[in-house]
Amino acid sequence: MPAHISLRRFRPPVWLIPVPWTLALGLWGLSRQRSVWRDEAATWMAAQRSVPEIWHLLGQVDAVHGLYYLLMHALFSCFGASTTTLRLPSALAMAVAAACVTAIGRRLAGDPAGLGAGLAFGLLPAVQFSLQDGRPYAFVCAGAGISTLLLVTVLQGGGRTARWVAYGGTVLVCALLNWLSLLILPAHLATLLWTRAGRPLRARWAVAAAAAVLGALPLVLFSRTQSHQVAWIPPLTWHMMIGPAVLLGLGGLGALLDRPGAGRLSPAAVGLPLLAAPQLSLIAVSLVHPLFQERYVLFGMLGLALLIGAALQAAVRAARPRFPRASAWVVPVATALALVALLPESLAERSPASRVDDVLAVAADVRKLKRSGDAVVFVPADRRDTAQVSPDDFAGLRDIALVRDPVAAGTLKGEEAGPERIRAAMLAQRRILLVTDAPEVAPPLSGERDRTKADVLRRHFTAVADRRVRGRRVTVYERGHGQAPHPRSSRHPVYGASVFPSSSAARAGSSTMSSSRASVDGSSGKWQAVRCPARLPESWMSGGSSAAHLSCAFQQRVRNRQPEGGEMGDGTSPARRMRSRWGASSSARVTSGTADSRAWV
């Protein structure tokens with residue numbers, strides 16, 4: 072057989088181009104200048120917990136993301152915690168989705184439609200966002216592509232039982248990743264009705280769909296008990312409908328160019344319902360309970376890509392009779408033009424500014440501003456994710472509001488003390504770092520704890536440094552001259568001492584502390600270092616006339632109760648243990664500064 076005949080018969084799969092194309096778009100700027108935003112921080116924190124700890128977490132929050140967290144935990148365990156491990160799975164999942172939409176387009180209309188759909192899919196702005204996002208929506212999109220490809224296969228005459236089982240299983244897995252993916256079922260039902268599928272096919276689809284819904288029902292019901300997590304989603308407004316309206320308009324134009332007809336399995340019959348049904352269903356649900364977020368129905372972009380592929384197929388079909396050679400360049404030229412037109416958007420999506428904030432950037436500022444022994448507070452408590460993702464930057468700081476760390480509490484933000492205890496803990500400090508949202512993205516103070524933190528900082532502290540970076544803010548507050556910390560009370564202990572030890576200190580299990588004690592001179596009201604004599608006058612032991620005397624008397628009483636050798640059973644002296652628990656500062660120096668007019672409070 073002549074060589075040219077064998078080469079002509081060899082046709083590589085069409086998906087060989089869109090898959091590496093989409094993957095390359097995902098790998099381009101994957102680290103986003105080593106930035107991690109708040110949603111990815113939740114993935115990061117959950118993935119680094121053990122399986123029992125993840126299970127404990129899901130009982131309190133984020134049950135809807137449980138399967139994804141377990142998957143990311145396995146990946147973090149194998150490859151370590153990094154932005155690559157966090158985001159590369161999403162890029163791979165989107166490459167799978169591109170392969171599926173390419174295969175569907177080719178089956179329904181031909182190679183130009185498949186190639187155009189696959190290349191267009193990777194360029195869509197919503198897809199480019201999720202390509203590099205450490206959240207489950209890319210996985211849901213891949214599952215939606217697989218289930219739609221299976222549906223097309225059975226509609227074309229491959230209705231084997233195994234394929235229906237695979238279809239139902241894929242829909243179920245998608246629902247376990249995010250149960251709003253079940254909104255793909257109305258789209259598939261619309262395709263069945265559009266193509267006038269026979270009753271046996273509709274019955275088998277109904278069985279597979281019902282099995283998937285029943286399998287996901289426990290998760291749906293349980294996650295409803297955690298509905299407070301989506302309380303931040305605003306009610307539906309008209310301006311929120313602009314985006315979906317534009318997408319539906321573009322999709323409708325592509326469907327018209329495909330020349331749809333009732334009973335014909337075409338890109339329009341699959342793509343238009345896949346684009347429209349999930350969007351419209353979510354809008355309808357949001358009229359009752361606000362839930363509208365475009366990423367929840369990201370898989371609708373598969374339908375838009377199919378319709379774009381159908382439009383390109385129509386262009387090729389129109390050009391072929393008069394320009395047979397030029398028609399082969401329609402898809403490549405259209406892709407190149409789209410790439411150039413969307414280049415500013417593509418560059419923006421790969422910058423840290425594309426997200427609402429950056430957890431790692433503000434952690435780096437904390438490292439620069441902190442001093443040993445400083446206290447730190449977070450407003451709201453969710454901003455504690457900064458310390459959880461980057462604990463080394465918070466080494467040596469004391470989280471004075473925290474009573475149970477996030478892992479023990481089974482949450483992502485931990486459990487804080489009551490407002491009065493937080494107030495007492497803050498009043499016992501000389502220097503506090505506040506980590507919060509930048510003003511342009513900060514929500515109103517909603518909790519009593521947060522209002523208490525703001526009130527104490529406003530009344531008793533002065534802002535001496537303030538930095539804003541990528542949606543977050545760190546402000547350093549100090550007491551001014553003449554403003555002494557309140558005496559520590561046993562009723563209101565300072566919580567969170569040594570919450571953020573350095574890695575080496577955590578391994579050693581101990582830290583050194585100064586033997587001097589900070590106190591207040593009763594006459595001047597200024598802080599000064601106190602060094603107590605070996606033997607105290609009796610008047611000091613009875614109270615004396617100054618806070619310095621009382622401080623030394625306290626240390627003397629502790630020494631009197633100390634066992635021989637000066638150590639407790641764990642090798643820590645009582646005085647050192649009390650200082651560690653109450654967060655006594657080893658420094659008595661007051662740094663003066665001018666209040667920043669941009670201070671948070």
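Numbering (our numbering), first residue to last: 72 to 672.
We put the beta carbon where it would ideally sit given N, CA and C, even for glycine.
Within the model, the alpha-carbon separation for E491 versus A479 is close to 23 angstroms. Residue ranges of uninterrupted beta strand (DSSP E) with 3 or more members are absent from the region 268-306; none lies entirely inside it. By a beta-carbon distance limit of 8 angstroms, A169 contacts G193. Their separation comes to about 6 angstroms. When the Cα atoms are used, G314 and R442 turn out to be separated by approximately 47 angstroms. DSSP places A452 within a helical segment (H, G or I) once states are collapsed to three. The DSSP-derived three-state label of I503 is strand. Within the same chain, Q199 come within 7 angstroms of S417 by CB-CB distance, once the 5 residues on both sides are set aside. Beta-carbon to beta-carbon, Y208 and R366 are separated by about 5 angstroms, close enough to satisfy the 8 angstroms threshold. In the structure shown, D521 falls within a helical segment according to DSSP collapsed to helix, strand and coil. For D463, the three-state secondary structure derived from DSSP is helix.
Only residues of its own chain outside the window of five on either side were considered, and among them L194 have a CB closer than 6 angstroms to the CB of A409, listed in chain order.
Bounds of any beta strand (DSSP E) do not take in D110; it lies within the alpha helix (DSSP H) bounded by R109 to A118. Counting the other Cβ atoms within 10 Å of the Cβ of G518 gives fewer than 16, which makes it exposed.
Assigned with DSSP and collapsed to three states, V474 falls in strand. Counting C-beta atoms within 10 angstroms of its own C-beta, W400 has fewer than 16 neighbours from the protein chains shown and is therefore classed as exposed. According to the DSSP secondary-structure assignment, D508 is paired through a beta bridge with R543.
Nearest Cα to V291 within the set A213, L179, R475 and L254: L254.
By the beta-carbon neighbour count (other beta carbons within 10 angstroms, threshold 16), F150 is exposed. A446 has R469 and I503 as its beta-bridge partners, per DSSP.
Per DSSP, Q104 lies in no alpha helix (DSSP H) and is assigned neither H nor E. The C-beta separation of V437 from V506 comes to about 7 angstroms, placing the pair in contact by the 8 angstroms criterion.
Secondary structure note for P338: its alpha helix (DSSP H) is the uninterrupted segment P338 to V359.
A direct Cα-to-Cα measurement between F532 and G189 gives close to 58 angstroms. Counting C-beta pairs with one atom in each stretch, the region 381-394 and the region 329-346 have three or more that are closer than 8 angstroms, which means they touch. Look at A169 here: in three-state DSSP terms it is helix.
Assignment of D133 by DSSP, reduced to helix, strand and coil, places it in the coil class.
When the five nearest sequence neighbours on each side are left out, the beta carbons in the same chain lying within less than 7 angstroms of the beta carbon of R177 are those of V85, A184 and G185, in order along the chain. Judged by DSSP secondary structure, E416 falls within the alpha helix (DSSP H) whose first and last residues are L414 to E420. The region 90-102 makes contact with the region 143-163, as at least three CB pairs between them are under 8 angstroms. Bounds of the alpha helix (DSSP H) holding Q199 are P196 to L202. In the DSSP assignment, F210 falls within the alpha helix (DSSP H) that extends over Y208 to L226. In the structure shown, R426 falls within a coil segment according to DSSP collapsed to helix, strand and coil.
Short of 6 angstroms from the beta carbon of T93, and not among the five residues preceding or following it, lie these beta carbons of its own chain, in chain order: M165, A166, A169 and G193. Per DSSP, the continuous alpha helix (DSSP H) segment holding G374 begins and ends at G371 to A390.
Around the beta carbon of F394, a 10 Å sphere encloses fewer than 16 other beta carbons of the protein chains shown; the residue is thus reported as exposed.
Around the beta carbon of G320, a 10 Å sphere encloses fewer than 16 other beta carbons of the protein chains shown; the residue is thus reported as exposed.
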